[in-house]
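Enquirer:
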Amino acid sequence: MSEPITDMPRPALSAGHGSLTRRRFWQLGAAAALTAGSTTLLTGRAAAATAQDYFDTAAELAGDNPILTSLISALTAGFSVPRPTAPAPLKIFDDVAVLSAGWVSATAILTSGGIILIDALNNPTEAQRYIVSGLRTLGADPSTIKYVVVTHGHGDHFGGAQYLADTYGARVMLAPADWNTLAASRPANAPTRDLDITDGQELTLGDTTVRLHHTPGHTRGSVSPIFPVHWQGGAHTAMLWGGTNPPTPTADKQTYLDSVLSFASRMSQAGVDVELSNHAFCDYGLERMAELRRAPNTTANPFVVGTSGAQLFMDVMENMLRGRIAQDQESSSSAAAGMATTTQTAGCGC
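Note that my numbering gives residue 645 to position 159 of the sequence shown, counting from 1, and the numbers run on in steps of one.
Following this line, the structure appears as structure tokens:
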């Protein structure tokens with residue numbers, strides 16, 4: 487997640503975040519009604535929706551669900567990235583482990599043929615401390631890491647990748663656009679260029695196939711995976727959104743929005759019912775991990791949000807992006823009006 491950007495008016499949110507133990511997400515019926523859409527909620531408002539209209543719609547969709555209100559906060563201009571304490575490693579599914587430094591996480595997909603690692607934290611030290619040690623704590627062998635899929639070219643996601651490649655022979659994967667960015671900027675801990683990710687690529691290891699989708703916006707090469715997971719004998723389908731903070735240029739925000747819409751469609755086709763993030767403060771992920779620690783044998787895994795819930799997550803994201811784009815346009819219009827007034831005054835004064 488890139489650095490916070492300049493403060494702008496923040497969307498109004500509902501009063502409480504609620505509790506997952508008191509409120510086991512949203513009831514599917516309510517989710518289905520909300521997923522009927524932002525268009526319905528905008529009915530009756532101004533034909534040309536303002537930024538606040540979209541933010542209000544996002545807040546209405548979110549209600550008091552903490553996953554969605556956390557997402558709204560993370561997508562709000564001026565959001566300050568927290569630095570929570572690193573949690574202990576945890577298997578959030580029978581075949582998925584989260585190895586977290588607190589504010590950023592790596593996700594290990596445990597297959598019959600080895601490990602596919604999604605992201606690699608900030609640097610070799612964190613890779614050793616959280617990924618290698620974390621896998622061993624969970625009874626997994628880090629030497630079986632076969633692929634490191636880097637969701638995008640920011641240091642908190644690629645920083646430990648070369649260490650894992652050098653130590654265990656893992657292959658490092660990144661979209662070509664972000665490989666090119668790393669080649670041009672040459673940041674610290676950047677991995678040596680290895681495998682390119684193509685849009686829609688299927689990565690199969692053992693009994694598991696991960697589909698990798700280009701979702702540019704956060705960076706030009708951001709990638710979001712969809713993959714199977716299992717819990718208590720049940721099969722589910724997970725997605726992990728590859729990059730959260732919207733970029734500064736309005737055109738790049740539009741690219742981000744296009745990615746949200748196309749990925750939501752792909753999620754629907756795949757039957758995604760599990761939502762994950764590589765920044766767990768963006769989606770109440772750390773709290774959901776804590777809930778699983780308290781009830782490790784629960785059949786109601788808090789990361790399973792249902793197909794309606796997964797689409798609702800994307801609906802909220804869509805409206806926040808539309809609001810951010812409208813916010814940019816409103817700021818530009820105000821600035822242009824100010825410049826016109828200043829120019830006229832200066833002209834008269836000459």
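All residues carry an ideal CB built from backbone N, CA and C; glycine is no exception.
May I have the straight-line CA-CA distance separating threonine 723 from histidine 704, to the nearest angstrom?
Expert: 24 Å
Enquirer: Examine the Cβ distances between the stretch 772-783 and the stretch 684-698 and report whether three or more of them are shorter than 8 Å.
Expert: no
Enquirer: In chain order, what residues of the same chain lie with their CB nearer than 8 Å to the CB of glycine 692, ignoring the 5 residues before and after it?
Expert: Thr597, Ser598, Gly599, Gly600
Enquirer: Ignoring anything shorter than 4 residues, give me the alpha helix (DSSP H) runs that lie fully in the stretch 682-763, in order along the chain.
Expert: Here the runs fully enclosed are 736-756.
Enquirer: In the DSSP assignment, the alpha helix (DSSP H) including tyrosine 633 goes from what residue to what residue?
Expert: Unbroken run through tyrosine 633 is the beta strand (DSSP E), 631-635; no alpha helix (DSSP H).
Enquirer: Which same chain residues, not among the five before or five after serine 559, have their C-beta less than 7 Å away from its C-beta?
Expert: Phe565
Enquirer: Does the pairing of the stretch 609-620 with the stretch 645-653 give three or more beta-carbon distances under 8 Å?
Expert: In short, these stretches touch, since the Cβ pair count reaches three.
Enquirer: What are the uninterrupted segments assigned as beta strand (DSSP E) that are 3 or more residues long and contained completely in the stretch 548-590, given in chain order?
Expert: The qualifying runs are 576-579, 582-586.
Enquirer: Under 8 Å: do the stretch 542-561 and the stretch 653-671 share three or more Cβ pairs, one atom per stretch?
Expert: Cβ pair count under 8 Å is below three, so no.
Enquirer: Going by other Cβ atoms of all chains shown within 10 Å of its Cβ, with 16 needed for buried, is alanine 544 buried or exposed?
Expert: buried
Enquirer: With three or more beta-carbon pairs closer than 8 Å as the criterion, would you say the stretch 747-763 touches the stretch 797-812?
Expert: yes
Enquirer: Quick one, are the C-beta atoms of isoleucine 602 and leucine 660 less than 8 Å apart?
Expert: No, these two residues do not count as a Cβ contact at 8 Å.
Enquirer: Leaving out the 5 sequence neighbours to the left and right, which residues in its chain are closer than 7 Å to threonine 678 when beta-carbon positions are compared?
Expert: Same-chain partners within the cutoff: Gln648.
Enquirer: Within 10 angstroms of its Cβ, does proline 732 collect 16 or more other Cβ (buried), or is it exposed?
Expert: Result: buried.
Enquirer: Going by C-alpha distance, which of Leu743, Arg808, Met725, Trp665 is nearest serine 754?
Expert: Met725
Enquirer: Three-state secondary structure (DSSP) at threonine 611?
Expert: helix
Enquirer: Within the continuous beta strand (DSSP E) that includes glycine 641, where are the two ends?
Expert: Not the beta strand (DSSP E): glycine 641 falls in the alpha helix (DSSP H), residues 641-644.
Enquirer: Tell whether a beta-carbon distance below 8 Å holds between valine 590 and histidine 765.
Expert: Going by C-beta atoms, valine 590 is nearer than 8 Å to histidine 765.
Enquirer: Please report the distance separating the alpha-carbon of phenylalanine 579 from that of alanine 663.
Expert: 32 Å
Enquirer: Could you tell me the distance, in whole angstroms, from the CA atom of alanine 583 to the CA atom of serine 817?
Expert: 43 Å
Enquirer: If you follow the beta strand (DSSP E) that arginine 657 is in, where does it begin and where does it stop?
Expert: 657-660
Enquirer: Which whole-angstrom value is the C-beta distance of glutamine 813 and alanine 606, which I expect to be below 8 Å?
Expert: Contact doesn't hold; Cβ gap of about 33 Å is too wide.
Enquirer: State the Cα-Cα distance for the pair aspartate 581 and tryptophan 727, rounded to the nearest angstrom.
Expert: 19 Å
Enquirer: Where DSSP assigns a beta bridge to valine 802, which residues make up the other side?
Expert: Answer is none; valine 802 lacks a bridge partner.
Enquirer: Looking only at its own chain, which residues have a Cβ that is under 6 Å from the Cβ of tyrosine 654, when we skip the five neighbours before and after it?
Expert: Ser629, Ile631
Enquirer: Between glycine 530 and leucine 778, what straight-line distance do the alpha-carbon atoms span, to the nearest angstrom?
Expert: Since pLDDT at glycine 530 reaches only 46, below the 50 mark, its modelled position is unreliable, and no value is offered.
Enquirer: According to the Cβ coordinates, are alanine 721 and proline 714 closer than 8 Å?
Expert: yes
Enquirer: Ordered along the chain, which non-local residues of its own chain (more than five positions away) have a Cβ less than 7 Å from that of leucine 718?
Expert: The sequence shown places glutamine at residue 718, not leucine. Cβ within range, chain order: Thr785.
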